[in-house]
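Novice: Counting along the sequence shown from 1, when you hit position 6 you're at 51 in this note's numbering, and nothing is skipped either side.
Heads up, the beta-carbon is just placed ideally off N, CA and C, and yes, glycines get one too.
Please find one structure pasted underneath; my questions will follow.
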Amino acid sequence: MISSKEDLKIYLEADKKALSRTRKKPAINDYIWKYEILLRKCEYYKNCKRGFFSTLREGMLRYRRSRLGAMLGFSVPVNCIEKGLCLAHIGTIIVSEYAHIGMNCRIHAGVNIGADFRISHAAPEIGNNVYIGPGAKLFGNIKIADNIAIGANAVVNKSFLSENISIAGIPAKKIGDIGTEGRLIKE
């Protein structure tokens, strides 16, 4: 969670590296990077800034993030994803506000990380260095360990506590011992 200006800089730099960007600022048509910058700035203003002008600035940033998110198909709430986020492609990505996602996570298009409202907002807790393939669905009160690769169109509705494995299928099951090796750009 971003708790200072220094944290904001660290998060922005980690996200930039995860997206494999080398420029200082996003290009005109680099909407994904712009969205991630707005997400982190919204987190900073929500967690750190108080006062009239900060509240106005936060509202403006929230509005811009909401508009850009609607254009890209992203619905990612603040304060649920650690540094090193990589939203790989434009397309529908939905994350529950109750979910927690660790560092260096790569999320592809069509992913839905949802809560189970039958059990008081129970949502997935995803570890560090996790690759989530296109179309994967994760829901319920589950835990995903570190260094796990989730295959395309997998439906994950139970916990996987073993590290360095690959999972796929409907419902998801272990298919290999490779993990995220070579799939992520880490800090």
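#1: Taking 7 Å as the limit between beta carbons, can you name the residues of its chain near Glu142, skipping five residues before and five after?
#2: Less than 7 Å separating the beta-carbons of Asp191 and Asn173?
#3: Write down the C-beta distance between Pro216 and Asn198 rounded to the nearest angstrom, noting that I regard them as a contact closer than 8 Å.
#4: Can you check which of these residues, Ile152, Lys94, Tyr89 and Ala63, is closest to Leu183 by C-alpha distance?
#5: The alpha helix (DSSP H) that contains Lys54, what's its start and end?
#6: Note down the Cα distance separating Asn186 from Ile55, rounded to an integer number of angstroms.
#7: Thinking just about the alpha-carbon of each residue, which of Leu130, Ile47 and Arg109 is nearest to the one in Leu64?
#8: Measuring from the CB of Ala160, is there a heavy atom of the ligand ATP at a distance below 6 Å?
#9: So the candidates are Gly118, Gly155 and Leu83; which of them puts its Cα closest to the Cα of Arg110?
#10: Need the endpoints of the alpha helix (DSSP H) that Asn92 sits in, please.
#11: Pop quiz: Thr181 and Ile195 are said to be a contact at Cβ under 8 Å. What is the actual Cβ separation, rounded to whole angstroms?
Specialist: Well, looking at it:
#1: For Glu142, where only same-chain residues beyond five positions count, the Cβ hits under 7 Å are Pro122 and Cys125.
#2: Closer than 7 Å, so yes.
#3: No, Pro216 and Asn198 are not in contact; Cβ-Cβ is about 12 Å, not under 8 Å.
#4: That would be Ile152, whose Cα lies nearest to the Cα of Leu183.
#5: Its alpha helix (DSSP H) spans residues Lys50 to Ala63.
#6: Between Asn186 and Ile55, the alpha-carbon positions lie close to 30 Å from each other.
#7: Answer by Cα proximity: Leu130.
#8: For the structure depicted, the ligand ATP is absent and the ligand set is empty, with no information on it obtainable.
#9: Checking every option, the nearest Cα to that of Arg110 belongs to Leu83.
#10: Residues Tyr76 to Cys93.
#11: The displayed chain sequence assigns Ala, not Thr, to residue 181. Contact holds; Cβ gap of about 5 Å.
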